[in-house]
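These notes are about the structure you will find just below.
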Ligand SMILES: Cc1cc2nc3c(=O)[nH]c(=O)nc-3n(C[C@H](O)[C@H](O)[C@H](O)COP(=O)(O)OP(=O)(O)OC[C@H]3O[C@@H](n4cnc5c(N)ncnc54)[C@H](O)[C@@H]3O)c2cc1C
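Numbering (this note's numbering), first residue to last: 120 to 519.
What follows is the structure, given as structure tokens:
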């Protein structure tokens, strides 16, 4: 049995992003004693996804109607640009994407958790995991002055995002999963049509960066004439094509050129001013195999690479995942007859999670999306070949 004599908390949550704060709220619903450790001083200071499809979990977490209140605009329209940017595919999805400001969402989740008396420590970066025998029983964290503290719990939820220290400490292989992505918020662009726009940029199509990996550039509307733009680099395909390792500076250099001169894309950005710009990472290609990679901890959200493979739904899926796992963990903690971290119990919890609708959905979408990206960027590969096959791309996009 795991020794819990030192455990001050039922659950420690590493990270106060959407996954961490949602987990905290669901733990609060189950009357658990929780400590959230967040490395940043301010909650929501680094925007990530700012579009989502409505799901009832939003009402459960934020309060009924709150999502509507913070929605800046919405659209169900998508436009995909061929590598020559002359050909396009237009699509209207069944449900619209809601566009909002990250800070509004994060502040609300934070306030809801605080209303439930959840203890949230900011400026508290997890640096080490503490073991009791073979079970994780706590974490070491430090503030920006370098002062270290320890906290102990019966369970540590790793909700610390795409670059998860907990995942890395447990030697999880994120190599092919985490794609570099630039997020840029712009004001006053030349951006009339309010659909989401995607540009397919295959390997070899940029003469100033012939070895640059296949990339998808995007533009999303926000409100009025404000919008978001960026690029997402297809890192797994780059590895399959054996392309040279990219440094941050290589990505930034290409991003500057794309903003200035990539056909159609640069036109839409013309005259705009940038209010936020950052190179970060996003998990793609599908979730990790085991959500309990070590006794004592469960990975949730981006730390588990639990993003719908198009990048379109890391937020809602992280929230649903948080609910499913918090319920499994709380049930196990309340069952005094069974050791939560016995091999059999871990197996049972993983099995139950893998039976959930959300897990099956994420797995299915990853399979389809990975197949499509591999076909486009690896099998067809070049700009010319993709243009030759554009009819098939259209057909696939129609049914995808
Ligand atoms: C550019 C971009 C665009 C995206 N677009 C969309 C979209 O349109 N729709 C959508 O649904 N999803 C989108 N996503 C994905 C979505 O944002 C993520 O899936 C979601 O934020 C995952 O939440 P999380 O809590 O797991 O991770 P994060 O949001 O990354 O939160 C992790 C938290 O952990 C903290 N942390 C990190 N390390 C430590 C540590 N050592 N100790 C303590 N705290 C730590 C971080 O500061 C952060 O607060 C996008 C992501 C990016 C990067």
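Each residue gets a CB set at the ideal place from its N, CA and C atoms; glycine is no exception. None of the values given here were measured: they were computed from a predicted structure.
Nonlocal neighbours in the same chain, by C-beta distance under 8 Å from residue i, ignoring five residues either side
i, result
"residue 267", "246, 259, 260, 261"
"residue 386", "309"
"residue 160", "241, 242, 263"
"residue 270", "127, 128, 131, 154, 156, 257, 258, 260"
"residue 255", "248, 249, 275, 413, 414, 415, 416"
"residue 226", "162, 163"
"residue 328", "369, 372, 373, 376"
In DSSP terms, what residue i is bridged to
i, result
"residue 96", "Residue 96 lies beyond the stretch modelled for the chain, which goes from 120 to 519, so this question has no answer here."
"residue 335", "319, 351"
"residue 261", "244, 267"
"residue 195", "The partner list for residue 195 (beta bridge, DSSP) is empty, contrary to what the question assumes."
"residue 413", "416"
"residue 303", "348, 396"
"residue 314", "According to DSSP, residue 314 bridges with nothing at all."
Nearest residue (CA-CA) to residue i, options the options
i, options, result
"residue 392", "303, 229, 221", "303"
"residue 375", "325, 344, 437, 434", "325"
"residue 488", "227, 469, 437, 426", "426"
"residue 451", "438, 439, 467, 437", "467"
"residue 476", "443, 328, 210, 172", "443"
"residue 314", "299, 334, 300, 345", "345"
"residue 390", "305, 212, 172, 233", "305"
"residue 253", "509, 289, 187, 203", "289"
C-alpha distance - residue i paired with residue j, whole-angstrom precision
i, j, result
"residue 205", "residue 382", "9 Å"
"residue 323", "residue 501", "7 Å"
"residue 292", "residue 505", "31 Å"
"residue 169", "residue 349", "13 Å"
"residue 192", "residue 216", "9 Å"
"residue 224", "residue 134", "15 Å"
"residue 395", "residue 330", "28 Å"
"residue 320", "residue 441", "35 Å"
"residue 138", "residue 507", "42 Å"
"residue 294", "residue 400", "12 Å"
"residue 445", "residue 167", "23 Å"
"residue 196", "residue 340", "11 Å"
"residue 365", "residue 513", "31 Å"
"residue 181", "residue 141", "9 Å"
"residue 165", "residue 433", "15 Å"
"residue 439", "residue 447", "13 Å"
"residue 363", "residue 398", "19 Å"
"residue 411", "residue 379", "45 Å"
"residue 428", "residue 485", "5 Å"
Other residues of its chain near residue i: CB distance less than 7 Å, five sequence neighbours each side excluded
i, result
"residue 296", "402, 403, 404, 424"
"residue 492", "353, 356"
"residue 422", "277, 278, 279, 280, 283, 285, 286"
"residue 464", "451, 457, 458"
Cut-off 6 Å between Cβ atoms - residues of its own chain near residue i, not counting five sequence neighbours on either side
i, result
"residue 316", "198, 338"
"residue 318", "200, 336, 384"
"residue 222", "163"
"residue 190", "217, 219"
"residue 237", "143, 147, 153"
Counting only runs that start and end within the stretch 130-191, where is the alpha helix (DSSP H) found for 4 or more residues in a row? 137-148, 175-181, 185-189
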